[in-house]
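Residue numbers for the sequence shown follow this note's numbering, so the first one is 951 and each next one is one higher.
Think of the CB as a built atom: it goes at the ideal place given N, C-alpha and C, for glycine as much as any other residue.
Nothing here was measured: the structure is a model prediction, and the numbers come from that model.
Below: the structure, in structure tokens.
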Amino acid sequence: MSKLLFKLRNVPDDEAEEVRALLSAHQIDFYETSAGNWGISLPALWVRDETQYSQARELLDVYQAERSAHVREEYARLKQEGKHKTVLDSFRENPFAFIAYLFIVYALLYLPYKIITGLSSQ
951 MSKLLFKLRN
961 VPDDEAEEVR
971 ALLSAHQIDF
981 YETSAGNWGI
991 SLPALWVRDE
1001 TQYSQARELL
1011 DVYQAERSAH
1021 VREEYARLKQ
1031 EGKHKTVLDS
1041 FRENPFAFIA
1051 YLFIVYALLY
1061 LPYKIITGLS
1071 SQ
């Protein structure tokens, strides 16, 4: 019976490709499910043979630890060089979306406050 190995929702394409290559290189029999047409299904990698699951899990755990360390080192280097992404960079990239998100946050904070103060004054 198949066993879920790795969920692909919000995973960068390069990471998903590296995981696929890792599993293929170690001859682990796996298949992939997509998010479907509406994006509500579970995109994931599944191991077909349960006996290979523990080997695949160990490989994936080692890979993720290495990737995490690499990403942290890269971020620290960029931060030290002053090239890491800041809030101002986010605003410069897409000012409309930035302002829209600020408005949404404001609305989410203001509306409950207004409702609660309105109820307490009655």
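Using a C-beta cut-off of 8 angstroms, the stretch 1005 to 1017 makes contact with the stretch 961 to 978, since at least three inter-stretch Cβ pairs fall below that distance. Taken atom to atom, the span from the alpha-carbon of Phe1041 to that of Trp988 is near 30 angstroms. Within the stretch 969 to 1035, the complete beta strand (DSSP E) segments at least 3 residues long are 980 to 983, 994 to 997, listed from N- to C-terminus. Excluding residues up to 5 positions away in sequence, Pro993 lie with their Cβ nearer than 6 angstroms to the Cβ of Ser984 in the same chain.
In the three-state DSSP reduction, Leu1058 falls in the helix class (H, G or I). Of Val1037, Asp1011, Gln977, the smallest CA-CA separation from Thr1001 is found for Gln977. Exposure of Val1037 is indicated by the presence of fewer than 16 other C-beta atoms within 10 angstroms of its C-beta.
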